[in-house]
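Asker:
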Amino acid sequence: MSWFDDLVDTGKSLIGGAVDFFTGNSLGSNIAKTALLGLTVNRVNNSIQKNNTPTPNTAPAVDPGVRLQSDANTQNKIPVLYGNATMGGIQTDAVLTDDQTTMYFVYTFAEKTGTLLSTSAASTYVFNDVFFNDNRVIFQNDGITAAYMIDREGNQDVSIANLVQIYCYAGSSTSPQVPEYYTNASLSPAYSIMPGWTSAHTMDNLLFAIVKMTYNKDKNVNRVPTLKFSITNSMSLPGDCIYDYMTNARYGCDIPATDILTV
Amino acid sequence: MSYNLSGYSAIWTAFFVQINVQDYQILRFSNFYKPYTIAGQSYASLGSLMSVGDTVSELRLSDQELTITLSGILSSNINSVLSYKMKGSPVMVRRGLFNANTGVAIVEPIGKFIGLVNNFSLNEEYNVVDKNSSVSVVLTCASIVGLLQTKVAGRRTNPTDEKLYYPNDLSMDRVPNLSSANFNFGAPT
C-alpha cells in the first residue's frame, strides 16, 4: 500500500466520522445542527436582500442653498463714534446676484463727525481690524480680499480666502480706504462695487462697508456672518467731542457756536 | 460768585430782557426805572409795566420755564404784536442788583435765563370809564435746557431721514423693502 492509499483511507474515516456525528442524537450534534441551520438561513436572507437593494443614484445631490433674511430696519439709529469702538454696523442694503452665488451687504457704522476744535482739522478714521464670526480677518495685499482668519487662540483658518471681500468707506461713497497697515492706490467708489448703485448713492457723512461674499457650502461661507469692525476716530479729546456734539446740527444739539465760550 | 450785601439798607433788583424777534429786530427792555446800558446796548425802561415771573435759583441746569409780562400796551398796538413771529424768538434775561438809594449797580446784570419764546397770550383790561382798553402780553419762555431735552437729532436708516439732510442721496431707499426680504443664497438658478 502506497502513502496515497493511506491518505484516502484517512479521509474516508474522517468524513464517515463527521457524518456519524451529525446524524447522531447527542447534545453536541443537536447544537451543531442548529448553528448550521441558522448560518444557512442567514446566508439565504442576505442573498435575497442583496438582490432587492435598488441601484444607488450616482448623480451628486443638488445643493439647495441657504435662505437668508435681511435684518435691515427703518428704525435703526445711526450712532456717533468718538475715539475708538468695535461695532457691528447696521445693514442698510443687500443684493444677491442673478446667479445667486454672490451676496453684497452694506453695513453702516456711524456718522462722520465734524472739525476738531483743538486743531481745526477734519475728523479722520482708521479701520483697525475686521472680525468675521469673532475671528480677525487678515487680508491679501489689496486690503480688500480676505486671506485667512485668526481665532482667539491664534489658529489660522483659510476657509474664507478669496470668498469674502470687504470694502471700507469713511465719509461717503467716494471715500474708500483700506484697513490699517494696508495700502491700495486703486480703490473704487462704492457705486462701482455695489450692484445697482449709481453716483446718486452718496452715503454722505457716513462710515460704512460693503461686504461681498461668494457662496461656498463646504467652507461655511453660506450664512450672514457676525461682523465687527474696530474703528478709530481722530476726534477723541473730551473737549473736541463735547464741542462737536453740542454744535452739530445733524446729530448733535445744534447750539450756535457763538453761544459757547471755547477759550 | 457771592456778594456781601450786608452794608446796604435796601437794594433793587432789575431784570433786563433781550428778545430777538424773527424777521423784525432785537427788543431790549427792563423793569429798571431808567434806561440802562449793558455791553453797549441800551435797555428801555418799562418800570412796573414789565414783570418777570418767579424763578428758582438752582446750582444745576434745569428746564424751568419763565414768564415775562408786558402790560399797558394799547389795544391799537396789538396788531403789531400779532404780526411778528414771537414764538421761537430767542430770549435772554439778565438780572442786576442796584443800590436803592443811589441807583448805582452793586452787581452788573448777569445772565439769568436763556431760552426761546414758547408761547404767548394776550389779556385785555377794558376801562369802562375812559372807554379804552389796555392789553397785557404774557410771554412764556422755555429754557434752552428744556428744549435740548426734547430735541430729536440724528439719522435713522430710512429714506425719509436721509433725505432730510441729503435730498439727492438714494442710499437708504431700499431699506423699507429689505426689512422683510429673503435671499436664496447659493440656490441653483
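If you read the protein sequences in the order shown, they are chains Y and B. Using the working numbering, the letters of the first sequence map in sequence onto residues 3 to 265. Using the working numbering, the letters of the second sequence map in sequence onto residues 898 to 1086. For glycine and all other residues, C-beta sits at the position ideal for the given N, C-alpha and C.
In this structure, does DSSP put C1038(B) in helix, strand or coil?
Answerer: strand
Asker: Check distances from the C-beta atoms of the stretch 86–109 of chain Y to those of chain B and list, in chain order, the residues that come in under 7 angstroms.
Answerer: Going along the stretch 86–109 of chain Y in chain order, one finds I92, T94, D95, A96, L98, D101, Q102, T103, M105 with a Cβ nearer than 7 angstroms to chain B.
Asker: Go through the stretch 923–999 of chain B residue by residue and report every complete run of the beta strand (DSSP E) that reaches 3 residues or more, in order.
Answerer: 923–927, 933–935, 938–942, 947–949, 963–971, 987–996
Asker: Counting only C-beta atoms, is D65(Y) closer than 8 angstroms to chain B at any point?
Answerer: yes
Asker: Anyone know if the C-beta pair for A911(B) and R925(B) falls short of 8 angstroms?
Answerer: Against a cut-off of 8 angstroms, the Cβ pair of R925(B) and A911(B) comes out as no contact.
Asker: Shortest alpha-carbon distance to V1072(B) belongs to which of V265(Y), Q102(Y), F107(Y), D159(Y)?
Answerer: Between V1072(B) and the set V265(Y), Q102(Y), F107(Y), D159(Y), the nearest pair of CA atoms involves F107(Y).
Asker: Please confirm whether G85(Y) and N235(Y) have their CB atoms less than 8 angstroms apart.
Answerer: yes
Asker: With a threshold of 16 other CB atoms inside 10 Å of the CB of P225(Y), please say whether the residue is buried or exposed.
Answerer: Looking at the sequence itself, residue 225(Y) is Arg, so the reference to Pro does not match. With fewer than 16 other Cβ atoms within 10 Å, it is exposed.
Asker: I need the boundaries of the alpha helix (DSSP H) containing K1060(B), first residue and last residue.
Answerer: 1056–1062
Asker: Please decide whether M237(Y) counts as near chain B, where near means a Cβ-Cβ distance under 8 angstroms.
Answerer: No, M237(Y) lies away from the interface with chain B (no Cβ there is under 8 angstroms from its Cβ).
Asker: Any beta carbon from chain Y within less than 8 angstroms of V914(B)'s own beta carbon?
Answerer: no
Asker: Which whole-angstrom value is the C-beta distance of F1082(B) and L70(Y), which I expect to be below 8 angstroms?
Answerer: The pair is a contact, with the Cβ atoms about 5 angstroms apart (cut-off 8 angstroms).
Asker: Got a sec: is the Cβ-Cβ distance from K79(Y) to anything in chain B below 8 angstroms?
Answerer: yes
Asker: By the DSSP assignment, the alpha helix (DSSP H) with C243(Y) in it spans what residues?
Answerer: 240–249
Asker: Between G1012(B) and C1038(B), is the Cβ-Cβ spacing less than 8 angstroms?
Answerer: yes
Asker: With 8 angstroms set as the bound, which would you pick, yes or no: does the beta-carbon of A202(Y) sit closer than that to a beta-carbon of chain D?
Answerer: Of the protein chains in this structure, namely Y and B, none is chain D.
Asker: Hey, quick one: how far does the beta strand (DSSP E) through A211(Y) stretch, first residue to last?
Answerer: 208–216
Asker: Say whether chain B places a C-beta atom closer than 8 angstroms to the C-beta of L263(Y).
Answerer: no
Asker: Please classify D242(Y) as buried or exposed, where buried requires at least 16 neighbouring CB atoms within 10 angstroms.
Answerer: With 16 or more other Cβ atoms within 10 Å, it is buried.
Asker: Using the beta-carbon of each residue, which ones in chain Y are nearer than 7 angstroms to N974(B)?
Answerer: Those do not exist, as N974(B) stays about 31 angstroms from chain Y at its closest Cβ, beyond 7 angstroms.
Asker: Taking C-beta pairs closer than 8 angstroms, name the residues in chain B that D256(Y) reaches, listed in chain order.
Answerer: The contact set of D256(Y) on chain B, defined by CB atoms closer than 8 angstroms, consists of K1048, A1050 in chain order.
Asker: Below 8 angstroms on the Cβ atoms is my contact criterion, and I expect D159(Y) with M151(Y) to pass it. Report the Cβ-Cβ distance as a whole number of Å.
Answerer: Indeed they touch by this definition, with Cβ atoms about 5 angstroms apart.
Asker: Hey, out of D1058(B), V1042(B), S1077(B), whose CA is closest to E955(B)'s CA?
Answerer: V1042(B)
Asker: What does a CB cutoff of less than 7 angstroms around L98(Y) pick up in its chain, not counting 5 residues either side in sequence?
Answerer: M105
Asker: Does the beta carbon of R1053(B) come closer than 8 angstroms to any beta carbon on chain Y?
Answerer: True, the Cβ-Cβ gap to chain Y drops below 8 angstroms.
Asker: Identify the continuous beta strand (DSSP E) that holds S1076(B) and give its terminal residues.
Answerer: Looking at the DSSP string, S1076(B) is not in any beta strand (DSSP E), and its letter there is neither H nor E.
Asker: Since N75(Y) meets chain B, which of its residues come closer than 8 angstroms, beta carbon to beta carbon?
Answerer: T1054, V1072, S1076
Asker: Can you list the residues of chain Y that Y1062(B) reaches, using a CB-CB cut of under 7 angstroms?
Answerer: Identification of chain Y residues near Y1062(B) by a Cβ-Cβ cut-off of 7 angstroms yields R252, ordered along the chain.
Asker: Please name the residue, chosen from L943(B), A1078(B), V1034(B), that lies closest to N75(Y) on a Cα-to-Cα basis.
Answerer: A1078(B)
Asker: Can you find a C-beta in chain Y that's less than 8 angstroms from the C-beta of N1079(B)?
Answerer: Output row for N1079(B): interface = yes.
Asker: Which one or two residues does DSSP pair with A1002(B) in a beta bridge?
Answerer: Answer by DSSP bridge pairing, in chain order: F995(B).
Asker: To which residues of the same chain is D920(B) closer than 8 angstroms at the C-beta, ignoring the five residues directly before and after it?
Answerer: Y981, K982
Asker: Got a sec, what are the start and stop residues for the beta strand (DSSP E) I908(B) sits in?
Answerer: 908–917
Asker: Excluding five sequence neighbours on each side, which residues of the same chain lie with their C-beta closer than 7 angstroms to the C-beta of G90(Y)?
Answerer: So the list reads L229, K230, once near-sequence residues are dropped.
Asker: Measuring only the C-alpha atoms, how far is P860(B) from M947(B)?
Answerer: Lying outside 898 to 1086, the shown extent of chain B, residue 860(B) is not represented and no answer is given.
Asker: Return the residues of the stretch 203–215 of chain Y that lie within a Cβ-Cβ distance of less than 9 angstroms from chain B, sorted by chain order.
Answerer: H203, T204, M205, D206, N207, L208, F210, M215
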